[in-house]
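Contents: one structure, followed by commentary.
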Ligand SMILES: [Fe+2]
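In the working numbering, the protein residues as written are 1385 to 1740.
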């Protein structure tokens, strides 16, 4: 089955028969305000990543079906599960894209909706405050249960709506989600226990209004140059300087001489956050680039990864390409690798500058 290349820089989804590619985190999980890295990464890798893997497995199975001979109960079950998995992928991507407003380093700017979205919220709810009150009250009303609360643009209704969703497949037909708040217990229990209302307030304190505003402009057809909002901070701007986790997995499984060399870059302060690495990778300090760069082969492709694929790998790839190396940064870092179910080995810091 072909891997359908999905742009990692746009919020749009592709409805294809090919494999869905995992989307990188745009938030920095270690810098969020009152939402722990452990919670966010577990949610991303296990629940979102699990939905992507499940959707791909269902689609692969559907591609093998003899539809005319398949029992109705099997068709019904598979298509129901496909719908649930696809909706979970889409809603989780919108949820994670929408976070990162205050905890980012550097800060991501807007603390309130941008002007166009603010005017639309005022038009459709009376005020931004009234919208926020309705949205958060709906979310808190789901405490003890599960579901989603979604701010969506409905072309048919001609307005923004706050939509209640009892599960992943419960959506207003034709409406485009702008902001999605996950009220499943896995989204908050690690940090908040049963205090779902506190979780709702903390999510609202971490919204990235730049990206939510960009998604609204795309939904109403007024988007222009919005892609810049959906690229991990510090990732190389050129697409040819990036590689997806799925593409890397395919490249590592090949036995030809174009198998990439793997470099694991980690800031000294981030070493305590690490427990594993990709098999065969050599770990280096980005600040010691001038010491390890000259030993790299010029005839072999190089893939550099860091924790989430922000500026640690992005800056190094830019510098290596400037020096003429065939280097690419892993989109989403080892976190995205985990999300696709990629295997790892225990962390080996023997090549890390300053530790040996
Ligand atoms: Fe979730």
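Ideal Cβ positions, reconstructed from N, Cα and C, are used throughout, including at glycine. Please read these numbers as outputs of a predicted model, since none were measured by experiment.
Burial state of residue i, where buried means 16 or more other Cβ atoms lie within 10 Å
| i | result |
| --- | --- |
| residue 1459 | exposed |
| residue 1623 | exposed |
| residue 1440 | buried |
| residue 1417 | exposed |
| residue 1592 | buried |
| residue 1457 | exposed |
| residue 1678 | exposed |
| residue 1540 | exposed |
| residue 1449 | exposed |
| residue 1595 | buried |
| residue 1399 | Confidence is the limiting factor: at residue 1399 the pLDDT is only 35, short of 50, which leaves the residue's position unreliable, though a coordinate-based value still follows. Residue 1399 is exposed by the Cβ-count criterion. |
| residue 1590 | buried |
| residue 1515 | buried |
| residue 1409 | buried |
| residue 1669 | buried |
| residue 1445 | exposed |
| residue 1451 | exposed |
| residue 1392 | Residue placement at residue 1392 is flagged as unreliable, the pLDDT there being 40, under the threshold of 50; the coordinate-derived value follows with that caveat. The residue is buried, with at least 16 neighbouring Cβ atoms inside 10 Å. |
beta-carbon residue i near ligand 1 non-hydrogen atom, thresh 7 Å
| i | result |
| --- | --- |
| residue 1571 | yes |
| residue 1566 | yes |
| residue 1430 | no |
| residue 1722 | no |
| residue 1554 | no |
| residue 1445 | no |
| residue 1486 | no |
| residue 1668 | no |
Unbroken beta strand (DSSP E) run spanning residue i, endpoints
| i | result |
| --- | --- |
| residue 1579 | No beta strand (DSSP E) holds residue 1579; DSSP gives it neither H nor E. |
| residue 1347 | Because residue 1347 is not part of the residues shown, which for the chain are 1385 to 1740, the question remains open. |
| residue 1714 | 1711 to 1714 |
| residue 1546 | 1543 to 1549 |
Where the alpha helix (DSSP H) through residue i begins and ends
| i | result |
| --- | --- |
| residue 1462 | 1456 to 1481 |
| residue 1695 | 1695 to 1706 |
| residue 1598 | 1593 to 1603 |
| residue 1533 | Note, residue 1533: premise wrong, no alpha helix (DSSP H); beta strand (DSSP E) at 1532 to 1538. |
| residue 1503 | 1499 to 1509 |
| residue 1718 | 1717 to 1723 |
| residue 1691 | That residue, residue 1691, is in no alpha helix (DSSP H); it is neither H nor E in DSSP. |
| residue 1524 | 1512 to 1525 |
Whole-angstrom distance between residue j and residue i, CA atom to CA atom
| i | j | result |
| --- | --- | --- |
| residue 1618 | residue 1413 | 15 Å |
| residue 1707 | residue 1700 | 11 Å |
| residue 1597 | residue 1545 | 15 Å |
| residue 1407 | residue 1716 | 7 Å |
| residue 1633 | residue 1517 | 45 Å |
| residue 1690 | residue 1507 | 44 Å |
| residue 1694 | residue 1585 | 27 Å |
| residue 1705 | residue 1662 | 22 Å |
| residue 1611 | residue 1453 | 44 Å |
| residue 1559 | residue 1616 | 27 Å |
| residue 1659 | residue 1648 | 12 Å |
| residue 1443 | residue 1723 | 18 Å |
| residue 1572 | residue 1510 | 30 Å |
| residue 1680 | residue 1641 | 15 Å |
| residue 1630 | residue 1468 | 22 Å |
| residue 1600 | residue 1501 | 7 Å |
| residue 1519 | residue 1726 | 37 Å |
| residue 1604 | residue 1433 | 29 Å |
| residue 1578 | residue 1532 | 17 Å |
| residue 1712 | residue 1426 | 26 Å |
| residue 1607 | residue 1470 | 24 Å |
| residue 1635 | residue 1621 | 22 Å |
| residue 1570 | residue 1463 | 24 Å |
| residue 1513 | residue 1564 | 18 Å |
| residue 1482 | residue 1738 | 38 Å |
| residue 1625 | residue 1703 | 11 Å |
| residue 1557 | residue 1731 | 47 Å |
| residue 1673 | residue 1455 | 59 Å |
| residue 1580 | residue 1568 | 9 Å |
| residue 1485 | residue 1494 | 7 Å |
| residue 1692 | residue 1447 | 32 Å |
| residue 1436 | residue 1721 | 12 Å |
| residue 1420 | residue 1587 | 11 Å |
| residue 1676 | residue 1664 | 16 Å |
| residue 1537 | residue 1480 | 19 Å |
| residue 1651 | residue 1688 | 13 Å |
| residue 1477 | residue 1405 | 12 Å |
Beta strand (DSSP E) runs wholly inside the segment 1628 to 1685, at least 3 long, in chain order: 1645 to 1649, 1666 to 1668
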